[in-house]
Structures are given as C-alpha cells and as structure tokens.
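**Q** Quick one: the structure is below, questions incoming.
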Amino acid sequence: MCECASEIVKYAKETLNMKRIFAYVICEHTKSISLLLRLGFEKLATLPNDTENKGKYVDRYKFELDFAK
9 MCECASEIVK
19 YAKETLNMKR
29 IFAYVICEHT
39 KSISLLLRLG
49 FEKLATLPND
59 TENKGKYVDR
69 YKFELDFAK
C-alpha cells in the first residue's frame, strides 16, 4: 500500500504541481496514520467529534504534506 500511496504523492507533486496535500483520518485507524507518517505527512490537529462512523461521532486527525518544507 505504501508503494501505491507514494506514487500518488509523487504524481501530485510532480505532475499536478500541488504545493501541499491534506488528509483526514479517524484517530482509531492506526495503520492509516502510520502510512501517512511514513509518507512524510505531519499531524496538524485533532478534530473532536468531527465525523460520523458506524452511527457515532468520532475524532479525526488532520494531516498535511507540505512540499515546500
């Protein structure tokens, strides 16, 4: 999965000339969080009760990958 995600990040930077990418992930999704960190994303914020998942509101993290850094 990391290889595929890495190619998507590369495409966003090199082909689409994006300056940054934001990602939002439910705090309990530890594998997704680990993937974002391996790709170089930085956690910006915790968003309490931000989204509904399986009938209840849960917290999410906001991540950013800033290509200018």
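Take the sequence shown: its position 28, counted from the start at 1, is 36 in my numbering, and no numbers get skipped. All residues carry an ideal CB built from backbone N, CA and C; glycine is no exception.
Output the boundary residues of the alpha helix (DSSP H) element that contains E15.
**A** As a working mapping, residue 15 is identified with position 7 in the sequence shown. E15 -> alpha helix (DSSP H) spans 10-22.
**Q** Answer yes if the segment 55-67 comes into contact with the segment 23-31, meaning at least three C-beta pairs across the two stretches below 8 Å, and no otherwise.
**A** Segments in contact, no.
**Q** Assign K51 to one of three DSSP states: helix, strand, or coil.
**A** By one-based count along the sequence shown, residue 51 stands at place 43. In the structure shown, K51 sits in a strand (DSSP, three-state: E or B).
**Q** Could you give the first and the last residue of the continuous alpha helix (DSSP H) run that contains K62?
**A** Here residue 62 refers to the residue found at position 54 when the sequence shown is read from its first residue. Unbroken run through K62: none, as it is neither H nor E.
**Q** Take N57 and list the residues in its own chain whose beta-carbon comes closer than 6 Å to its own, dropping the five residues that flank it on each side.
**A** In the sequence shown, residue 57 corresponds to position 49, counting from 1. If we look at N57 and ignore the five residues flanking it on each side, its Cβ neighbours are Y65.
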